[in-house]
Amino acid sequence: APVPIAAAVIVPSAPWTGPGARPVVAYNTAIDSLGLTCVPSWTLPRGSELEIVGIQAMLAKNYAVVVTDYQGPQQAYAAGRLAGHAVLDALRAAVGDARLGLDPSAPIVGYGYSGGAIAAGWAAELAPTYAPELNLVGMAMGGTPADYRLLFASMNGVNAASTLFLAATLGVAREYPELFALMNDNARRLGVVARDWCLAMLAPGGVIAPIPVEALANVPDVVDTPVAQRVLDDLRLGGQAPRAPILLYHGAQEIWIPRAGVATLRDEWCGRGATVQLAEYPGEHVTVGVFGIPAAFAWLDDRLAGRPVPDGCG
Numbered sequence: 013a014p015v016p017i018a019a020a021v022i023v024p025s026a027p028w029t030g031p032g033a034r035p036v037v038a039y040n041t042a043i044d045s046l047g048l049t050c051v052p053s054w055t056l057p058r059g060s061e062l063e064i065v066g067i068q069a070m071l072a073k074n075y076a077v078v079v080t081d082y083q084g085p086q087q088a089y090a091a092g093r094l095a096g097h098a099v100l101d102a103l104r105a106a107v108g109d110a111r112l113g114l115d116p117s118a119p120i121v122g123y124g125y126s127g128g129a130i131a132a133g134w135a136a137e138l139a140p141t142y143a144p145e146l147n148l149v150g151m152a153m154g155g156t157p158a159d160y161r162l163l164f165a166s167m168n169g170v171n172a173a174s175t176l177f178l179a180a181t182l183g184v185a186r187e188y189p190e191l192f193a194l195m196n197d198n199a200r201r202l203g204v205v206a207r208d209w210c211l212a213m214l215a216p217g218g219v220i221a222p223i224p225v226e227a228l229a230n231v232p233d234v235v236d237t238p239v240a241q242r243v244l245d246d247l248r249l250g251g252q253a254p255r256a257p258i259l260l261y262h263g264a265q266e267i268w269i270p271r272a273g274v275a276t277l278r279d280e281w282c283g284r285g286a287t288v289q290l291a292e293y294p295g296e297h298v299t300v301g302v303f304g305i306p307a308a309f310a311w312l313d314d315r316l317a318g319r320p321v322p323d324g325c326g
């Protein structure tokens, strides 16, 4: 069923003086939260958006920027298909509303890191079939959780990321309510306690008390149940090829989001005819999230300038 999605469309007041139409950037922040006060439509007007510097950098280039509450009205954190549809619908609205002065054929690029990469990756993968009219010319994403199955070894009850993993499990269940039948009272208690928590509140929990997702389940081997497997299949990137060129980047010392998932995603997208580059930078998840930005933004600038990208995969 359709759900309402909020998005901020920010258009610089200065006229666009470059060639063609003013470019549009789908900037997908890492919402990574369960609460309504964690989303861009709340954080941007209040000056609490953690990724404001990146958004400002795009606006400084005179690009229009679209920032979407891609988790939907239920804050379904990590529900990738929902996020991809939300981003594409926000872009449709942005370039289709004459009041905003954007061109329906404007070149569009997208960016996202970590949780934002879930939205970016799904938007790229779904665009050819869901929104083929959008002129998507490039998508850059880093620290991409392409296959959630791999995260059970790297994030589930083993380190600081474990609370985010639990929150993502609850977020996915909001979009796939059949998962609630597998959950016990611990899950319901956590759902009540953490329902309004943003990233800054969720992250420290894994440092203090890393709890595995199995502690929330009312059945043994919950991950192996047919219901869980169906949901994991539905949330795995790689099923169809993006039409726009893709930049994937990843930390060489990444421990939370295994590189194997991104390498497989590159291979699957490439095998279906996509143009994908995979770059590796020194550092773990948080440092690459900061230091990978300049190269990713430069790559997006090149796509918007119409500079050719090498065909195939690298």
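Going letter by letter, the sequence shown gives residues 13 to 326 in our numbering. A virtual CB, placed ideally from N, CA and C, is assigned to each residue, including glycine. All figures in this text were calculated on a predicted structure; none of them were measured in a lab.
1) So A131 and A95 are in contact, right, with Cβ under 8 Å, and what is the actual spacing, rounded?
2) Might you give, ordered along the chain, the residues of its own chain that have their beta carbon closer than 6 Å to the beta carbon of S126, omitting 5 neighbours on each side?
3) What residue range does the beta strand (DSSP E) around L148 cover?
4) Tell me the residue span of the alpha helix (DSSP H) that contains Q68.
5) Let me know the secondary structure DSSP gives C50 once reduced to three states.
6) Alpha carbon to alpha carbon, how far is E63 from E280? Give it in angstroms, no decimals.
7) Do L178 and L114 have their beta-carbon atoms positioned less than 9 Å apart in this structure?
8) For T80, which of helix, strand or coil comes out of DSSP?
9) At what residues does the beta strand (DSSP E) containing E145 begin and finish?
10) Look up Y39 in the DSSP assignment and give the residues it is bridged to.
11) Do you know offhand how far R315's Cα is from R201's?
12) Does the contact criterion of 3 or more C-beta pairs under 8 Å hold for the region 17 to 33 versus the region 48 to 59?
13) Please state whether DSSP places A20 in a helix, a strand or coil.
14) Assuming V36 and V78 form a contact by the criterion Cβ under 8 Å, report the distance between their Cβ atoms to the nearest whole angstrom.
15) Looking only at C-alpha atoms, which of I223, F303 and A286 sits nearest to A165?
16) Considering Cα atoms alone, identify which of Y160, E226, A180 and Y142 is closest to G169.
17) Please list, in chain order, all residues of the same chain as P116 whose beta carbon is under 8 Å from its beta carbon, the five residues on each side excluded.
Here's the rundown:
1) Along the sequence shown, read from residue 1 onward, the residue named residue 131 stands at position 119. Along the sequence shown, read from residue 1 onward, the residue named residue 95 stands at position 83. So it is a contact: roughly 4 Å between Cβ atoms.
2) Within the sequence shown, residue 126 is the residue found at index 114, counting from 1. Once the five neighbours on either side are set aside, the close Cβ partners of S126 are A42 and G155.
3) As a position in the sequence shown, residue 148 is number 136, starting the count at 1. Per DSSP, the continuous beta strand (DSSP E) segment holding L148 begins and ends at L148 to G154.
4) Here the question's residue 68 lines up with position 56 in the sequence shown. Run containing Q68: I64 to A72, per the alpha helix (DSSP H) assignment.
5) Reading the sequence shown from its first residue, position 38 is the one you call residue 50. Annotated three-state conformation of C50 is helix, per DSSP.
6) Working through the sequence shown from its first residue, we reach residue 280 at position 268. Working through the sequence shown from its first residue, we reach residue 63 at position 51. For E280 and E63, the distance between alpha carbons rounds to 30 Å.
7) Position 102 of the sequence shown holds residue 114. Position 166 of the sequence shown holds residue 178. Here L114 is not near L178, since their CB atoms are 9 Å or more apart.
8) Position 68 of the sequence shown, counted from the start, is the residue given in the question as residue 80. Note: T80 maps to strand in three-state DSSP.
9) Here residue 145 corresponds to residue number 133 of the sequence shown, with the count starting at 1. Neither: E145 is in no beta strand (DSSP E) and is coded neither H nor E.
10) Here residue 39 is taken as the residue at index 27 of the sequence shown, counted from 1. The partner list for Y39 (beta bridge, DSSP) reads Y123.
11) Here residue 315 refers to the residue found at position 303 of the sequence shown. Here residue 201 refers to the residue found at position 189 of the sequence shown. Between R315 and R201, the C-alpha separation is close to 47 Å.
12) Touching, per the Cβ criterion.
13) Position 8 of the sequence shown, counted from the start, is the residue given in the question as residue 20. The three-state secondary structure of A20, taken from DSSP, is strand.
14) To locate residue 36, count along the sequence shown from 1; it is residue 24. To locate residue 78, count along the sequence shown from 1; it is residue 66. At roughly 6 Å, the Cβ-Cβ gap stays under 8 Å, so V36 and V78 are in contact.
15) Residue 165 sits at position 153 when you count from the first residue of the sequence shown. It is I223 whose Cα lies nearest to the Cα of A165.
16) Here residue 169 corresponds to residue number 157 of the sequence shown, with the count starting at 1. Among Y160, E226, A180 and Y142, the Cα nearest to that of G169 belongs to E226.
17) As a working mapping, residue 116 is identified with position 104 in the sequence shown. V107, G108 and E145, listed in sequence order.
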